[in-house]
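J.: Taken in sequence, the protein lines are chains A and B. The first sequence: position 111 = 111 (this note's numbering), numbered continuously. One gets this note's numbering by counting positions in the second sequence from 1 and adding 196 to each.
2 protein chains.
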Amino acid sequence: MVRWEPGTRERLQAAAIELFVTQGFEQTTAAEIAHRVGLTERTFFRHFSDKREVLFHGQHEFLQAFLDGIDAAPAEAPPFELVTAALRSAAAFFSDERRAHARTRQGVINHNPALQERELHKLAGLATTVAEALRGRGVGEPAATLAAESASTVFGIAFGRWIQAGEERSLADITGEVLRELVAFTGAAVAPAPRG
Amino acid sequence: MVRWEPGTRERLQAAAIELFVTQGFEQTTAAEIAHRVGLTERTFFRHFSDKREVLFHGQHEFLQAFLDGIDAAPAEAPPFELVTAALRSAAAFFSDERRAHARTRQGVINHNPALQERELHKLAGLATTVAEALRGRGVGEPAATLAAESASTVFGIAFGRWIQAGEERSLADITGEVLRELVAFTGAAVAPAPRG
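(1) Does DSSP put residue 372 of chain B in a helix, in a strand, or in coil?
(2) Which bits of chain B does residue 157 of chain A rub up against, with CB to CB less than 9 Å?
(3) If distances are taken between C-alpha atoms only, which option among B/218, B/204 and B/205 comes closest to residue 300 of chain B?
(4) Check each candidate in A/66, A/52 and A/19 and name the one with the smallest Cα separation from residue 130 of chain A.
(5) Let me make sure I understand the geometry here. Which of A/43, A/55 and A/41 has the alpha-carbon closest to that of residue 18 of chain A?
(6) For the alpha helix (DSSP H) that contains residue 264 of chain B, what are its first and last residues?
(7) Just confirm the distance between the C-beta atoms of residue 186 of chain A and residue 319 of chain B, as a whole number of angstroms; I'd bet it's less than 8 Å.
(8) I need the straight-line Cα distance from residue 333 of chain B to residue 322 of chain B, nearest angstrom please.
(9) Cβ atoms of residue 174 of chain A and residue 148 of chain A: under 8 Å apart, would you say?
(10) Any C-beta of chain B within less than 7 Å: which residues of the region 14-31 of chain A qualify?
(11) Please report the straight-line C-alpha distance between residue 26 of chain A and residue 15 of chain A, rounded to a whole angstrom.
(12) Mark residue 203 of chain A as exposed unless 16 or more other C-beta atoms lie within 10 angstroms of its C-beta, in which case mark it buried.
(13) So with Cβ pairs under 8 Å, would you call residue 382 of chain B a contact of chain A?
(14) Measuring alpha carbon to alpha carbon, tell me which of A/75, A/70 and A/77 ends up nearest residue 88 of chain A.
(15) Quick one: which chain A residues come within Cβ less than 7 Å of residue 275 of chain B?
(16) Of all the CB atoms in chain B, is at least one closer than 8 Å to the CB of residue 181 of chain A?
(17) Cβ of residue 298 of chain B within 8 Å of Cβ of residue 359 of chain B?
(18) Compare the Cα-Cα distances from residue 365 of chain B to each of B/329, B/291 and B/303 and report the closest residue.
(19) Thinking C-alpha only, which one of A/50, A/72, A/12 and A/47 is nearest residue 35 of chain A?
(20) Rounding to the nearest angstrom, what Cα-Cα distance links residue 139 of chain A and residue 80 of chain A in this structure?
(21) Output the distance between the C-alpha atoms of residue 269 of chain B and residue 52 of chain A, rounded to the nearest integer angstrom.
(22) Indicate whether residue 84 of chain A and residue 179 of chain A have their beta-carbon atoms separated by less than 8 Å.
(23) The alpha helix (DSSP H) spanning residue 119 of chain A covers which residue range?
(24) Listing by chain order, which chain A residues have their CB less than 7 Å from the CB of residue 320 of chain B?
(25) Going by DSSP in three states, residue 165 of chain A sits in which element: helix, strand or coil?
(26) Can you tell me the Cα-Cα spacing of residue 177 of chain A and residue 289 of chain B, whole angstroms?
(27) Any Cβ of chain A within less than 8 Å of the Cβ of residue 250 of chain B?
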């Protein structure tokens, strides 16, 4: 019988991140993480399939944030507005309380090529998911792929700035700025600032 | 003493691609490729570091094609013009004589996740290289990264269309079309979006 202890998952995650930071991701075992908070390795594996998942769980919620934005946009919204809506919804998902964790997590990832690889796939997966949603809204090709890749690029740049040391602007503000840069790049007039 | 036989590299490459197509990339060994054209495994390794390199050699020339376009652009060219110049130069590099080989190569890559991974890295490396060249031309951030990622996306989409079965337009024509779609995508931002 499995006794569910509230907060176990969060305690394991906090211990894991601390160990990843202090001694390195590779050098940390699932057993060590569990023992750190007085639990067994078996308990760890009831919460996470492996130690990598501590850093990459929540992929579904991450993608869903973008999709929710698209779903909520008006039926006749052109691709750029759908992308803006997706990015705005994602920016709301990454609230300021998440920033400290996101920074620490990124520090761990930056030290490990295999984790960087996985992160690269996450952004590629984001583009694929958004493109599919845009096609579902009647956007043709190559517009859907272009728009989805742009969404992924803008998100990647904005997120990278958001977690920079000393950065205090919200992800929504930074995303709006990067979107305007994208518009400026292609030579179009300055877009109205996205507002929630 | 190494006797250099003209065309050896090309013969090895043709044999390799044929074996990759008929029996699969994983199932093909360097020795097999070499024997196919009456050569030894040792000769194979004088031309390619491994069988994967048959598919990925020429990465330097590939990147250089983009950089040449940027180098040739006027000093005051804005980022979009630099990207257009880079893509036009790359399109000239992929002349129509290369199309059949590009199609076959892609077929091999599509059947193997590790090769797809490597291809994904190639496009990521393209974005990194172009971003660096743009910064070298005085383009700031995030404009340089946005422009470089857009270049990589447009190239990826255009190249994918160029090698589709039955496609006969040149890569330059397709690239121009995808670039216009990119402008249209962000240009839609100019139109005042209906807001409730």
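Beta carbons are placed, not taken as given, at the ideal position from N, Cα and C, and that holds for glycine.
T.: The answer reads as follows:
(1) Helix.
(2) Simply 337, 338, 341, 342 and 345.
(3) Comparing Cα positions, the closest option is B/218.
(4) Among A/66, A/52 and A/19, the Cα nearest to that of residue 130 of chain A belongs to A/66.
(5) Per the Cα distances, A/55.
(6) 255-268 is the span of the alpha helix (DSSP H), which, as asked, contains residue 264 of chain B.
(7) That pair is no contact at about 20 Å.
(8) The straight-line gap from Cα to Cα measures roughly 17 Å.
(9) A distance of 8 Å or more separates the beta carbons of residue 148 of chain A and residue 174 of chain A.
(10) None of the residues of the region 14-31 of chain A has a beta carbon lying less than 7 Å from any beta carbon of chain B.
(11) So the two alpha carbons sit approximately 15 Å from each other.
(12) Residue coverage of chain A in this structure runs from 1 to 196, which leaves residue 203 of chain A outside it and unanswerable.
(13) Yes, residue 382 of chain B counts as interfacial toward chain A.
(14) Nearest of A/75, A/70 and A/77 to residue 88 of chain A, Cα basis: A/70.
(15) Result: 185.
(16) In terms of beta-carbon proximity, residue 181 of chain A lines the interface with chain B, with at least one pair separated by less than 8 Å.
(17) Cβ atoms of residue 298 of chain B and residue 359 of chain B: closer than 8 Å.
(18) Minimum Cα distance to residue 365 of chain B is reached at B/291.
(19) Out of A/50, A/72, A/12 and A/47, A/12 has the C-alpha closest to the C-alpha of residue 35 of chain A.
(20) Going from the Cα of residue 139 of chain A to the Cα of residue 80 of chain A covers about 11 Å.
(21) Taking the straight line from one Cα to the other gives about 45 Å.
(22) A distance below 8 Å separates the beta carbons of residue 84 of chain A and residue 179 of chain A.
(23) Here the alpha helix (DSSP H) through residue 119 of chain A covers 113-136.
(24) Neighbours of residue 320 of chain B in chain A, taken as residues whose beta carbon is under 7 Å from its own, are 120 in chain order.
(25) Coil.
(26) When rounded, the distance between both Cα atoms is 35 Å.
(27) Interface annotation, residue 250 of chain B: not in contact with chain A, CB-CB separation never under 8 Å.
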